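One structure below.
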Amino acid sequence: MFVDLLHNICILLLRRYRNKGNHMSTKYCNSCEDDATCPNFHAYIIELDRSVLDETNFPYEGELPLDKKVFYVGQTNHSVECRYFQHTAHRSEDNQYDCTCNLGVNPNNKIVRRSFPKRVTYVNRKRDNMLFAKELFAPNLFNLNYNNPTVIKALPGSGLTYIGSAKDESKKSEEIETAIGEQLRSMGHAVYWN
Ligand SMILES: [Zn+2]
Ligand SMILES: [Zn+2]
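Going from the sequence shown to this note's numbering is simple: count from 1 and add 3.
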């Protein structure tokens, strides 16, 4: 009995140790790790406060049923967490933030100062700093059949790149963003994507 217990504890510890050595994905991407993001494309879904329907010209006609939600769908080659930060963070005077993402040029995840991208009004309105973003989701929300990374980038020198391949990868990522947006819309939600 005691030996069995000891045996089980040993297996648990071993598993934990192995998991540490192996890959630990994040909540939003199977290939990203907390301290080492993957260089691939990601999709994400942000739930927005319903007030965005009245406060802005959000593209939705009619009265949104109470059991439906408002979403923004995006795609990025940053980590989903970093992109959400860019969407929602308070912007300091120099309009820059710390990014440690591996965009293909930062494989060691060093801290790089980057300029915030243009704000998306429906997520974080500039005029009055109105934050409509409520919660961040991976693209498998409601069992949608999408997982991160959505598009795996071919590594330079792998023999898998060709002229225009980076453009094609980025286009594919945008197509997946659109497909997610359209599926959410077909479920009756109010959805915007770029
Ligand atoms: Zn990733
Ligand atoms: Zn980043």
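We put the CB at the ideal spot given by N, CA and C, even for glycine. Since the model is a prediction, treat every value here as computed from it, not as a measurement.
Straight-line gap, V115 to E66 (C-alpha atoms, nearest Å):
44 Å
Please state the DSSP three-state secondary structure of N127.
If DSSP states are grouped into helix, strand and coil, N127 belongs with the strands.
Ligand 1 site residues, beta-carbon cut 7 Å against heavy atoms:
Cβ-based neighbours of ligand 1 within the cut-off: C32, S34, C35, T40, C41, N43, H45, S82, N151, P152.
Runs of beta strand (DSSP E) lying entirely within the segment 119 to 197, each at least 3 residues, in chain order
Considered as a whole, the segment 119 to 197 harbours 136 to 140, 193 to 196 as its complete beta strand (DSSP E) runs of no fewer than 3 residues, in chain order.
F135 burial status per 10 Å Cβ neighbour count (16 or more: buried):
By the 10 Å Cβ count, F135 comes out buried.
The segment 28 to 37 in contact with the segment 163 to 174 per 3-pair CB rule at 8 Å:
no
Please report the residue range of the alpha helix (DSSP H) in which D57 lies.
55 to 58
Are P110 and H45 close, meaning C-beta to C-beta below 7 Å?
Contact: no.
Give me the Cα-Cα distance between E177 and Q78, rounded to the nearest whole angstrom.
A straight-line Cα-Cα distance of about 7 Å links E177 and Q78.
Between which two residues does the alpha helix (DSSP H) containing H90 stretch?
83 to 91
For A39, report the span of its beta strand (DSSP E) as first-last.
Segment: none, A39 is in no beta strand (DSSP E) and carries neither H nor E.
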